[in-house]
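If you count the sequence shown from 1, position 4 lands on 275 in this note's numbering, and the numbers rise without skipping.
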Amino acid sequence: MPVTAYDLTGRTALVTGAAGGIGRATAALLAEAGATVHCADVDEQGVRATAAALTATGAAARAHRVDVTARDQVAAVVDTARRATGRLDILAAVAGIMHSSTVLETKEADLDRVWNTNFKGVLHSCQEAARAMIATGTGGSIVTMASGAVDTGAPGLLCYGASKAAVIQLTKTLATEVGRHGIRVNAVAPGWIRTPMTTRHTTDAQQQAERPMARMSPLGRVGEAEDVAHAVLHLASDAAAFTTGQILRPNGGVAMPW
Ligand code: NAI
272 MPVTAYDLTG RTALVTGAAG GIGRATAALL AEAGATVHCA DVDEQGVRAT
322 AAALTATGAA ARAHRVDVTA RDQVAAVVDT ARRATGRLDI LAAVAGIMHS
372 STVLETKEAD LDRVWNTNFK GVLHSCQEAA RAMIATGTGG SIVTMASGAV
422 DTGAPGLLCY GASKAAVIQL TKTLATEVGR HGIRVNAVAP GWIRTPMTTR
472 HTTDAQQQAE RPMARMSPLG RVGEAEDVAH AVLHLASDAA AFTTGQILRP
522 NGGVAMPW
C-alpha cells in the first residue's frame, strides 16, 4: 500500500527547469504522486515535450515557456498556476546553468550570467511562490536546487559554486521567515548526476571525471535524475512536515558534512 504522506493528490506544483534532466524527472515524479504539475522552462520545445509525456500517462500537467531571470515571467506563471486550481502547494526551483572557469580566468559577464540564472532566478521563483502560498493560506513546500559543489572546493566552478552557496543561504533565510505561514523551505544538494548538464555543458575534462566521481562514492556510481527527484518528492510531501531550512544531499556519500 502506498505511504499516504507521499500522496500529492489535490496539490498543485510548479517545477522550473522542467525541460530536461532533474527538472523533468521531478515533474514526472510529482505527477506520479498525484500533483497537478506546471512545467516551466526557457526551452519551450523541451518543456512542451515534458508536459506532453506526463499528460500521456493521465497526469494533469501544463507547459509554460518561462525565463526565470525575468521576474515578470515568473510572476505570470505562478499566477496562472494558482488561478487554475486555486492554490500553489509546491515549488521545485530546479532551473540552473553550469559555467566552468578558474578563478583567475573568470570574467564578469560569466559571473553575471550564472548569478542571474542560478541565484536571481531561484530568488524570483521563491518570492513569487511564497507570496502566492501566503495569499492562499494553505501553507506549502519550496524546494531549491543547490549542489554538492558547496561541500567541497570544486576547481573551475567559482561562479557556479558561489551561486549555489547563495541558494542555500536564501533557503535557510526564507525558511525562518515563512515558517509561521506553514511554508517549509529546503534545499537539495546533489552530487554528480548524469543529465544533459553534465554530459553536454561541461568540458571534456569534466566529462572524463564521471568515472573518478563514481569511485569517490561508497555506492560506486554517479547519480541519476530520478535519485534527485525522489529527494525533492520527500521534501515536497507531508513526509517532511517537520523539516525546514535543511539541506538534503543525494550525493552517493561523496561528501558527508555534519
Ligand atoms: P539540465 O541542463 O539538464 O537542466 C537545467 C534546465 O534548466 C534546462 O532544461 C534549462 O533549459 C533550464 N534553464 C536554464 N536556464 C533557465 C532559465 N533562465 N529559465 C528557465 N529555465 C532555465 O541540468 P540538470 O543537471 O538537470 O540540473 C538541474 C539543476 O540541478 C540545476 O540547478 C543544476 O545546477 C543542479 N545540479 C545538477 C547536478 C548534476 O550533476 N547534474 C549536480 C548538482 C546540482
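Each residue gets a CB set at the ideal place from its N, CA and C atoms; glycine is no exception. Quick caveat: nothing in here was measured; it's all calculated off a predicted structure.
Label residue i either buried or exposed according to how many other C-beta atoms from any shown protein chain fall within 10 Å of its C-beta, with 16 as the threshold for buried.
i	result
Met527	exposed
Ala327	exposed
Lys378	exposed
Thr321	buried
Gly494	buried
Pro273	exposed
Arg451	exposed
Taking the alpha carbon of residue i as the point to measure from, which residue in the options has its own alpha carbon closest?
i	options	result
Ala417	Phe390, Gly408, Pro426	Phe390
Thr514	Gly288, Ala502, Val525	Ala502
Gly463	Thr442, Val348, Ile293	In the sequence under discussion, the amino acid at residue 463 is Trp, which differs from the Gly named in the question. Of the listed residues, the one whose Cα sits closest to Trp463 is Ile293.
Met484	Pro461, Ala332, His309, Leu504	Pro461
Ser488	His505, Val499, Gly516, Gly523	Gly523
Leu279	Leu325, Val493, His395, Glu303	Glu303
Ala420	Val459, Gly491, Thr275, Gly288	Val459
Ser396	Glu481, Gly288, Thr356	Gly288
Ile405	Arg384, Arg333, Arg353	Arg353
Thr415	Asp314, Ala324, Gly367	Gly367
Got a sec? Which residues, its chain only, sit under 7 Å from residue i by beta carbon, not counting five neighbours each side?
i	result
Gly427	Ser371, Ser372, Thr373
Arg358	Thr283, Thr407, Thr409
Gln344	Val337, Asp338
Which residues in the same chain as residue i place their Cβ atom closer than 8 Å to its Cβ, once the five residues preceding and following it in sequence are excluded?
i	result
Ala511	Ser412, Arg455, Asn457, His505
Ala276	Ser508, Asp509, Ala510, Ala512
Is residue i near ligand 2, going by C-beta to nearest heavy atom under 7 Å?
i	result
Trp463	This structure simply doesn't include ligand 2; it includes ligand 1 instead.
Tell me which residues share the same chain as residue i and place their Cβ nearer than 6 Å to its Cβ, disregarding the 5 neighbours each side in the sequence.
i	result
Leu382	Cys430
Gly453	Gly410
Ala500	Ala296, Thr297, Leu300
Thr307	Thr283, Ala331, Thr356
Practice problem: Could you tell me which uninterrupted beta strand (DSSP E) segments, each at least 3 residues in length, are contained entirely in the region 345-408, listed from first to last along the chain? | Solution: 361-364
Quiz item: Taking only runs of the beta strand (DSSP E) that begin and end inside the region 273-326, which ones reach a length of at least 3 residues, in chain order?
Solution: 283-287, 307-312
Practice problem: Jot down the residue ranges of each uninterrupted alpha helix (DSSP H) in the region 446-492, minimum 4 residues, whole runs only, in chain order. | Solution: 467-471, 475-479, 481-487
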